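The next block holds one structure in the form of structure tokens; read it before the comments.
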Amino acid sequence: MQVAIAGVGALGHHILRAILAQEKHSVTILTRGEPRSTDLRITWRKVDYSDKSSLEAALRGIDTCISTAAGFDDKTFAEGQIRLVDACIAVGVRRFVPSEFELDPHVRKDRYPSSVAKRKVLSHLATPAVREKIQCTLFTQGVFYDYYSPMTEDGKRHVSSEWLAPIGFDIVVDLKNCRADFVDGMEEKKIRCTAIDDVGKLVARALELEEWPDQFMISGENLTCKELIGICEKVRGKPFEIKRISVADMESKIEEAEKTNDMIKTYIWTTPLRILEGDFWWDDKTTQGVDIKTVFPDEKIESLEGFLSKWW
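Numbering-wise, this note's numbering comes out as the position in the sequence shown, counting from 1, plus 39.
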């Protein structure tokens with residue numbers, strides 16, 4: 040099978056590595072820059088996301104296109120991804136995976152420009168003109184475990200993934216300093232999370248299937264914030280310092296960050312709000328997606344405790 044990966048950032052590299060390890064498929068990388076590897080198993084095609092003809096030329100002969108492209112500019116990202124799927128349709132690509140790979144879009148609220156951009160892409164994929172011509176499938180896995188692994192000495196990457204850059208803040212818990220911030224009501228709220236390497240392996244494994252559903256759900260852990268702290272304390276071998284924060288204080292900090300257009304602080308303080316609102320979780324009984332573990336019961340998905348124990 041001919042597979043194209045659009046964008047080779049952190050997740051793209053893990054998917055690429057897993058596909059190459061199978062030795063079953065030919066892989067083409069769509070890149071805006073120059074090739075990053077001399078691996079003869081990979082075909083590199085430089086593309087211009089503003090030019091549909093450039094994308095069409097790169098996609099000819101491809102069966103499945105997996106987009107892991109990142110983008111924080113609403114207009115540019117959305118237009119580029121829409122142009123990508125339209126190019127896939129134009130040259131007969133059979134399946135398309137949009138650059139989602141995060142929280143369940145059927146649950147999450149679009150608070151950030153990047154989420155708004157992704158929603159525009161999803162809205163385009165849902166139109167009859169697209170649905171009737173190409174299978175579009177989401178992969179949803181929650182938070183990557185890897186954001187909880189230590190940083191490299193230069194602070195540019197997480198040690199568990201040589202390609203994953205830091206997001207600039209901690210999601211609930213700071214393992215390095217053994218502390219956590221809890222907004223009132225967070226302790227029993229649930230989150231989903233999975234190792235980035237497992238996501239890569241399961242995306243590669245899904246290529247074996249002739250038919251795909253509209254969404255695959257991947258979940259290494261389904262746990263409360265309190266349980267998350269308990270696992271982290273066990274791995275680090277000490278109790279964590281817990282800072283309690285009121286909902287009113289959180290809302291005040293969000294308002295202040297938005298007024299000053301401080302995106303990092305906006306992310307920091309809207310994260311607990313999103314956890315409280317249920318954005319970081321999905322219910323197996325009501326989800327629209329298919330649990331990928333039921334499709335591949337032989338695939339072992341790493342536990343959070345096992346993952347953290349390797350790195351701390």
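Note that the Cβ used here is the ideal one computed from N, Cα and C, for glycine as well. Source: prediction; values computed, not measured.
Residue interval of the alpha helix (DSSP H) (run including residue i)
{"i": "residue 173", "result": "Taken as a continuous stretch (DSSP letters only), residue 173 belongs to no alpha helix (DSSP H), as it is neither H nor E."}
{"i": "residue 118", "result": "113-130"}
{"i": "residue 260", "result": "Residue 260 -> not in any alpha helix (DSSP H); beta strand (DSSP E) instead, spanning 260-263."}
Identified DSSP bridge partners for residue i
{"i": "residue 329", "result": "255"}
{"i": "residue 283", "result": "221"}
{"i": "residue 213", "result": "218"}
{"i": "residue 250", "result": "In DSSP, residue 250 forms no bridge with anything."}
{"i": "residue 197", "result": "190"}
{"i": "residue 81", "result": "66"}
Exposure of residue i, with buried meaning 16 or more beta-carbon neighbours within 10 Å
{"i": "residue 139", "result": "buried"}
{"i": "residue 314", "result": "buried"}
{"i": "residue 75", "result": "exposed"}
{"i": "residue 344", "result": "exposed"}
{"i": "residue 58", "result": "buried"}
{"i": "residue 179", "result": "buried"}
{"i": "residue 188", "result": "buried"}
{"i": "residue 234", "result": "buried"}
Inter-residue CB distance, residue i and residue j (contact presumed, cutoff 8 Å)
{"i": "residue 307", "j": "residue 267", "result": "Not quite, the Cβ-Cβ distance comes to about 17 Å (not below 8 Å), so this is no contact."}
{"i": "residue 212", "j": "residue 318", "result": "That belief does not hold up - the Cβ atoms of residue 212 and residue 318 are roughly 17 Å apart, past 8 Å."}
{"i": "residue 257", "j": "residue 238", "result": "6 Å"}
{"i": "residue 181", "j": "residue 232", "result": "5 Å"}
{"i": "residue 281", "j": "residue 222", "result": "The Cβ separation is near 11 Å, so there is no contact."}
Below-8 Å beta-carbon distance, residue i vs any chain D residue
{"i": "residue 148", "result": "The displayed structure is made up of one protein chain only, and chain D is not part of it."}
Endpoints, the beta strand (DSSP E) within which residue i is located
{"i": "residue 69", "result": "65-70"}
{"i": "residue 47", "result": "Looking at the DSSP string, residue 47 is not in any beta strand (DSSP E), and its letter there is neither H nor E."}
{"i": "residue 106", "result": "103-106"}
Could you check whether the region 331-349 touches the region 238-248, counting it as contact only if at least three pairs of C-beta atoms, one from each stretch, sit closer than 8 Å? yes
Counting pairs of beta carbons, one from the region 84-94 and one from the region 59-72, are three or more of them closer than 8 Å? Yes: the two stretches touch, three or more of their Cβ pairs being nearer than 8 Å.
The region 148-155 contacting the region 122-132, beta-carbon criterion three pairs below 8 Å: no
Would the region 99-108 count as touching the region 50-67 if we require 3 or more Cβ pairs under 8 Å? yes
Is it the case that the region 156-167 contacts the region 202-210, given that we only count it when at least three CB pairs across the two stretches are under 8 Å? no
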